[in-house]
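Residue numbers (the UniProt record's numbering): 1 to 439.
Below: the structure, in structure tokens.
Below is the structure:
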């Protein structure tokens with residue numbers, strides 16, 4: 001009797017759903033998940049939650065989503081990328097870009113775009129707050145994002161260009177509770193690969209409040225697959241009780257109010273993250289300009305523990321001032337202690353802003369990292385020069401000469417965006433394309 005079934009044509013669909021789901025959990029790339037979903041209808045159904053929860057991008061006040069991920073670890077295990085967006089995109093009347101639309105599973109879209117969060121997709125200046133704006137979300141239907149701010153001043157209060165319902169401290173009371181829920185959800189995201197924190201500093205800080213479990217503790221202890229971290233550090237001098245808090249002026253009369261006095265991220269356990277990181281991005285911003293130097297020792301300690309680093313982005317201050325209260329030049333961050341002796345064999349992308357090294361350090365560093373494919377250096381003020389010699393006189397800086405490196409040192413670098421004098425040193429004989437926007 002001849003068998004009718006051809007084993008060569010059999011596929012894995014005879015396996016139990018639990019086994020297939022376990023196999024799918026090893027797929028990290030969303031494109032591979034999409035390709036797998038095309039294999040059959042059964043695979044499509046099994047892959048759906050893996051795709052839906054693969055990448056999450058939303059503001060912190062998406063409480064229903066955090067609750068679901070905290071209560072259902074099987075869903076949280078699908079998350080590979082978590083991007084916590086800015087809660088608002090205007091500062092002191094300065095127009096910022098619109099917030100990118102959230103990426104969340106369809107069943108949580110209403111939560112991501114509830115009356116609180118919808119204010120941030122997009123925001124409006126007071127001059128154009130009556131203009132109607134719409135954005136669409138891909139899916140079975142369009143999501144209308146018209147923002148009804150109203151004309152009655154008694155109904156809405158404008159605070160730093162953010163629309164807040166009167167009597168509702170959306171930016172703090174809600175965000176405080178949301179962060180608590182997010183921390184609970186993070187404990188279940190055991191397969192998380194990339195974490196982006198793009199808002200003001202967290203409320204929970206176990207360094208400041210030892211009884212707290214903060215974001216960085218959870219990432220270190222539970223998210224053992226973490227490879228990429230991007231952090232915004234709102235290192236304003238008024239944070240942490242050093243002055244009248246720029247975003248909160250009520251008396252401190254409760255535990256929540258104490259947490260409102262947020263500490264800058266550089267005063268947290270962020271620096272205890274594991275050495276398995278392959279990509280690290282650190283931006284600092286000062287809403288009222290820095291008055292003291294940003295501490296860098298712990299940052300350097302973390303980066304020294306990451307031998308497999310492939311991408312490093314360091315951007316210090318958005319509006320730097322030339323000197324601190326004690327007369328110290330803080331227009332740039334001094335990277336000499338790190339770059340003088342560091343080796344990252346796999347480093348491919350280096351982006352720096354408002355940082356400096358000496359010419360001797362630059363020579364040593366670039367000759368050690370000849371596999372760079374992307375190099376971007378931003379000098380955003382006259383004082384913020386990348387090459388600074390110790391005790392350099394101002395007139396010497398004006399006559400700054402190229403430093404010398406080995407011929408062909410960065411021959412593999414295809415994306416170069418640096419000031420002219422640095423280009424002359426690193427890529428002599430090549431055409432200078434000019435300075436372009438970096439960020």
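Glycine is no exception: its CB is placed at the ideal position from the N, C-alpha and C atoms.
- Out of 381, 409 and 25, the CA that lies nearest to the CA of residue 46 is found in 25.
- Taking C-beta atoms as the reference points, residue 194 and residue 228 count as a pair closer than 8 Å.
- For a cut-off of 8 Å, the C-beta gap from residue 225 to residue 271 is around 20 Å, too long to register as a contact.
- With fewer than 16 neighbouring CB atoms inside 10 Å of its own CB, residue 429 falls in the exposed class.
- Here residue 179 carries a helix assignment [DSSP, helix/strand/coil].
- Spatial neighbours of residue 75 in its own chain (CB-CB distance under 7 Å, excluding positions within 5 residues in sequence) are listed in chain order as 49, 53, 68 and 69.
- Rounded to whole angstroms, residue 222 and residue 214 show a C-alpha spacing of 12 Å.
- Listed in chain order, the beta strand (DSSP E) elements of length 3 or more contained wholly in the region 304 to 376 are 311 to 316 and 349 to 353.
- For residue 280, there is no enclosing alpha helix (DSSP H); the residue is part of the beta strand (DSSP E) that begins and ends at 279 to 285.
- In this structure, residue 179 places its C-beta atom within 8 Å of the C-beta atom of residue 60.
- Shown here, residue 416 sits in a strand according to DSSP, grouped into three states.
- Exposure of residue 35 is indicated by the presence of fewer than 16 other C-beta atoms within 10 angstroms of its C-beta.
- Straight through space, the alpha carbons of residue 73 and residue 331 are spaced by roughly 46 Å.
- For residue 58, the enclosing beta strand (DSSP E) starts and ends at 55 to 58.
- Distance from the CA of residue 380 to the CA of residue 356, rounded to the nearest whole angstrom, comes to 12 Å.
- With respect to residue 31, residue 192 sits apart: the two C-beta atoms are not nearer than 8 Å.
- Residue 345 counts as exposed, since fewer than 16 other C-beta atoms from the protein chains shown sit within 10 angstroms of its C-beta.
- The C-alpha of residue 64 lies about 11 Å from the C-alpha of residue 105.
- For residue 222, the enclosing alpha helix (DSSP H) starts and ends at 215 to 222.
- Around the beta carbon of residue 14, a 10 Å sphere encloses fewer than 16 other beta carbons of the protein chains shown; the residue is thus reported as exposed.
- Residue environment: residue 71 is assigned as exposed (fewer than 16 neighbouring CB atoms within 10 Å of its CB, all protein chains considered).
- Separation of residue 405 and residue 368 (C-alpha to C-alpha, rounded to the nearest whole angstrom) is 10 Å.
- Counting only the Cα atoms, residue 333 lies some 34 Å from residue 187.
- Here the alpha carbon of residue 366 sits roughly 15 Å from the alpha carbon of residue 309.
- Within the model, the alpha-carbon separation for residue 311 versus residue 337 is close to 19 Å.
- DSSP, reduced to helix, strand and coil, places residue 78 outside both helices and strands of the structure shown, so it counts as coil.
- Closest in alpha carbon position to residue 267, among 279, 295, 273 and 197, is 295.
- Within the DSSP secondary-structure output, residue 230 pairs in a beta bridge with 196 and 281.
- C-alpha of residue 313 to C-alpha of residue 39: approximately 39 Å in a straight line.
- Per the DSSP secondary-structure output, residue 83 pairs in a beta bridge with 57 and 196.
- In the three-state DSSP reduction, residue 27 falls in the coil class, being neither helix nor strand.
- Shown here, residue 294 sits in coil according to DSSP, grouped into three states, outside any helix or strand.
- Around the CB of residue 200, 16 or more other CB atoms lie within 10 Å, so the residue is classed as buried.
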